[in-house]
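Encoded as structure tokens, the structure appears first; notes follow it.
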Amino acid sequence: MLSALVVVFPVFALIFTGWLVRRLGVLGPQSTSELNRFVVYLALPALLFDVIAHAGWSDIWKPGFIGVFGLSSLIVFALAVALRYRKPRHLADAAIDGLNAGYANTGFMGFPLALLVLGQEAMAPTTISCIITVCVVFAVAIVLIEIGLQPQGKPHLVALKVARSLIRNPLLVAPVLGALVPITGVTIAEPLDHFVKLLAATAAPCALVTLGLFLAEKREGAGADKRAATLFVVLKLLVHPAIAWVLATQVFKLSPFLTHAAVLLAALPTGTGPFMLAELYRREAGITSTTILVSTILSIVTVSVYIAIAV
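Letter by letter, the sequence shown follows residues 476 to 786 of the working numbering.
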């Protein structure tokens with residue numbers, strides 16, 4: 476257990492650093508959104524591009540891993556939506572609740588934690604999990620929200636809006652562009668390759684500090700509906716990795732390494748994506764922020780226990 480805590484200490488230390496500098500006023504109220512934009516639009520896309528561009532097709536095309544992580548995320552998402560969609564509760568709120576339970580923090584915590592625990596080989600499955608989370612699961616939630624907010628709307632207009640959102644998503648565009656490198660056989664010029672690697676190296680520390688800044692923000696209604704937040708935390712930290720383990724070992728028969736990667740990534744706490752979506756659509760953000768805060772704190776214990784036992 477102690478060795479596991481030593482492994483994950485740098486990850487949570489960076490989160491705490493972000494939390495501390497925000498609480499002390501070293502960084503101002505705009506720092507969270509601005510550093511988050513840097514990570515989302517520059518650093519993390521550079522990391523995704525770099526990993527995909529230098530990986531072989533066999534490293535990225537892992538249908539078993541895709542099935543395990545994708546199905547486990549969508550099952551937990553659907554379970555939360557089913558449990559919470561009770562009239563007069565709105566479908567849009569239930570969709571965000573689904574994200575609270577099934578949206579693993581693969582972008583901000585997945586890359587640094589997987590690198591520390593499983594090594595460089597884990598970057599490819601982590602990239603796959605990030606794409607599934609920020610594109611597939613997120614897209615399903617957006618579709619449900621749009622359907623809920625526009626019950627009279629035309630299906631093709633909803634589909635067009637979702638497609639436009641995904642096309643503009645740098646976390647989707649970057650790996651697609653990266654995939655063109657091995658497919659076409661193009662060689663990246665050395666100065667450009669160094670530029671990308673330097674930018675990619677900032678992704679993990681900046682992302683973790685950003686998460687700390689986010690958690691330090693005082694938000695109205697953060698204590699609202701603690702029972703619901705507790706449900707989402709249980710689904711995220713316990714049910715999600717349990718389903719991933721069952722799928723990996725009993726259904727898809729993954730290798731021990733990919734099984735550990737899938738379960739570790741599924742065991743991550745709720746990411747900031749659900750909160751951003753709640754803010755965008757002006758839905759209930761209090762439950763979401765509480766879920767993110769509590770699941771992140773408790774994941775220090777749950778993730779450390781899993782690492783100590785299984786990895």
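The beta-carbon is built from N, C-alpha and C at its ideal position, and this holds for glycine as well.
Keep in mind that this is a model prediction, so the values were computed, not measured.
Residue j and residue i - do their beta-carbons sit closer together than 9 Å?
i	j	result
residue 737	residue 540	yes
residue 733	residue 581	no
residue 756	residue 620	yes
residue 604	residue 577	no
residue 711	residue 557	no
residue 568	residue 754	no
residue 584	residue 746	yes
residue 518	residue 656	no
residue 599	residue 537	yes
residue 574	residue 718	no
residue 617	residue 752	yes
residue 778	residue 723	no
residue 691	residue 497	yes
residue 555	residue 670	no
residue 762	residue 703	yes
residue 686	residue 503	no
residue 566	residue 622	yes
Assign residue i to one of three DSSP states: helix, strand, or coil.
i	result
residue 488	helix
residue 742	coil
residue 498	helix
residue 532	helix
residue 692	coil
residue 526	helix
residue 504	coil
residue 564	coil
residue 663	coil
residue 668	helix
residue 701	helix
residue 677	coil
Is residue i close to chain D, meaning its C-beta is less than 9 Å from at least one C-beta of that chain?
i	result
residue 580	Absent from the structure is chain D; it holds one protein chain and no more.
Looking at C-alpha atoms only, which residue of the options is the closest neighbour of residue i?
i	options	result
residue 601	688, 590 and 559	590
residue 637	730, 700 and 611	611
residue 511	750, 703 and 704	750
residue 771	730, 688 and 651	688
residue 783	509, 726 and 592	592
residue 643	632, 774 and 515	515
residue 798	503, 780, 735 and 775	No information on residue 798 is available, as it lies outside the stretch 476 to 786 that the chain covers here.
residue 728	543, 532, 493 and 531	543
residue 640	654, 731 and 613	613
Worksheet item: Would you call the segment 511-530 and the segment 636-653 touching, i.e. three or more CB-CB distances under 8 Å?
Response: yes
Worksheet item: Which ranges would you report for the alpha helix (DSSP H) in the segment 566-646 if only whole runs of at least 4 residues count?
Response: 566-577, 586-593, 598-606, 613-624 and 630-642
Worksheet item: Along the chain, which unbroken stretches of the alpha helix (DSSP H) at least 4 residues long are found entirely within the segment 705-775?
Response: 715-721, 731-741 and 748-755
Practice prompt. Evaluate contact between the segment 489-508 and the segment 671-687, counting only Cβ atoms and requiring at least three cross-stretch pairs below 8 Å.
Written response: yes
Practice prompt. Would you be able to state if there are at least three C-beta pairs under 8 Å between the segment 701-716 and the segment 757-777?
Written response: yes
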